[in-house]
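Participant: When the letters of the sequence shown are read in order and numbered with full-length UniProt numbering, they come out as residues 1 to 213.
Backbone N, C-alpha and C fix where the C-beta goes; we use that ideal spot for every residue, glycine too.
Only a predicted model underlies this, so the values are computations on that prediction, with no experimental measurement involved.
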Amino acid sequence: MKLAPGETLNEKETCAELGISRTPMREALLRLAQEGLVNIVPSGGTFVNKIAMRKVIEGHLIRSSLEMRTVRLAARNFNPVHEKDLDLLIFRQQGAAKRRDIDEAFKVDNEFHRLLCRIAGFPNVWQTIHNATGQLDRVRRQAFPRSGYFEEVLDEHVVLYAAIKAHDENQAAKLLKEHLGGINSVVEYVLQADADIITGEDEIVLLKALSDV
Numbered sequence: 001m002k003l004a005p006g007e008t009l010n011e012k013e014t015c016a017e018l019g020i021s022r023t024p025m026r027e028a029l030l031r032l033a034q035e036g037l038v039n040i041v042p043s044g045g046t047f048v049n050k051i052a053m054r055k056v057i058e059g060h061l062i063r064s065s066l067e068m069r070t071v072r073l074a075a076r077n078f079n080p081v082h083e084k085d086l087d088l089l090i091f092r093q094q095g096a097a098k099r100r101d102i103d104e105a106f107k108v109d110n111e112f113h114r115l116l117c118r119i120a121g122f123p124n125v126w127q128t129i130h131n132a133t134g135q136l137d138r139v140r141r142q143a144f145p146r147s148g149y150f151e152e153v154l155d156e157h158v159v160l161y162a163a164i165k166a167h168d169e170n171q172a173a174k175l176l177k178e179h180l181g182g183i184n185s186v187v188e189y190v191l192q193a194d195a196d197i198i199t200g201e202d203e204i205v206l207l208k209a210l211s212d213v
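(1) Measure the C-alpha to C-alpha separation of residue 195 and residue 157 and round it to an integer number of angstroms.
(2) Applying the 10 Å Cβ sphere with the 16-neighbour rule, what's the burial state of residue 63?
(3) Let's see if you can read the secondary structure: which residues bound the beta strand (DSSP E) around residue 45?
(4) By DSSP, does residue 52 sit in helix, in strand, or in coil?
(5) Identify, in the order they occur along the chain, each residue of the same chain with its Cβ nearer than 8 Å to the Cβ of residue 41, setting aside the five sequence neighbours on each side.
(6) Are the beta-carbon atoms of residue 75 and residue 163 separated by less than 8 Å?
(7) Going by C-alpha to C-alpha distance, which of 4, 14 and 182 sits closest to residue 210?
(8) Looking at the secondary structure, which residues open and close the alpha helix (DSSP H) in which residue 124 lies?
(9) So who's on the other strand from residue 220, going by DSSP bridges?
(10) Which full runs of the alpha helix (DSSP H) of 4+ residues lie inside the stretch 143-186, going along the chain?
(11) Please check the pair residue 72 and residue 166, which I expect to be a contact at CB under 8 Å, by giving their CB distance rounded to whole angstroms.
(12) Taking the Cβ atom as the reference point for each residue, do residue 207 and residue 67 lie within a distance shorter than 8 Å?
(13) Can you tell me whether DSSP reads residue 79 as helix, strand or coil?
(14) Looking only at its chain, what residues have a beta carbon closer than 6 Å to the beta carbon of residue 45, apart from the 5 residues adjacent to it on each side?
(15) Let me check understanding here. Comparing Cα to Cα, which of 56, 122 and 79 lies closest to residue 69?
(16) Who are the near neighbours of residue 49 in its chain, counting only those whose CB is closer than 8 Å to its CB and skipping five residues on each side?
(17) Return yes when the Cβ of residue 142 is within less than 8 Å of the Cβ of residue 55, no when it is not.
(18) Does the beta carbon of residue 124 come closer than 8 Å to any beta carbon on chain B?
(19) For residue 57, does the three-state DSSP call read helix, strand or coil?
(20) Closer than 8 Å by C-beta to residue 199: which residues in its own chain qualify, once you throw out the five before and the five after it? Chain order, please.
(21) By how many angstroms is the C-alpha of residue 150 removed from the C-alpha of residue 144?
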């Protein structure tokens, strides 16, 4: 189910589409509201919020801070037993790129980074990242229509995988920083494509500043 910022979320229709009852639906909406993804208006309905730039920045800060540490551990702890899973993810990502399948590409992107946390020995770190990056993920999804973006993400994963496989902690950290730093161009693309879906766009300067830290 895909809804644009500002659209109304019909609870009854959504329950029918997802095949769930009202209780889990309302619990899910409350969680989305806590993350700032929707706005629940008493007796007025539920609306999809615009993407908040401050939340994007916070999500990026949390993700980059945690992943910069876990990627070093992944390179240190890498074992040939992990190759099968990583090879499969790269294969799936290649397929998604050829088909221009945004849903699959986004899913595999997250699975790749989640696997790195597992290889590092801290699988729960990814859940912490996931919980903090709802708004960041919305921006990332919007970037896939950009020319060459599918291939860009894939190529960056391939070289990062190679560095981790070689146990090169410094190179892995360098490549991950560049990979995550791509959020700047992603945000700029989204602003050019549809600035109305983002609030606080003037704060993009803070996002750029984080890339230099």
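Facilitator: Taking the definition as stated:
(1) 29 Å
(2) buried
(3) 45-48
(4) strand
(5) 47
(6) Taking 8 Å as the cut-off, the Cβ atoms of residue 75 and residue 163 count as close.
(7) 182
(8) 124-132
(9) This structure does not reach residue 220, given that the chain is present from 1 up to 213, and the question cannot be answered.
(10) 149-165 and 169-181, all fully within the stretch 143-186.
(11) Between residue 166 and residue 72 the Cβ distance is about 13 Å, and since that is not below 8 Å, they are no contact.
(12) no
(13) coil
(14) 8
(15) 122
(16) 5, 36, 37, 38 and 39
(17) no
(18) No chain B appears in the structure shown, which is made up of a single protein chain.
(19) Taken through DSSP and simplified to helix, strand or coil, residue 57 comes out as helix.
(20) Only 50, 51, 52 and 53 meet the Cβ criterion.
(21) Straight-line Cα distance between these residues: approximately 6 Å.
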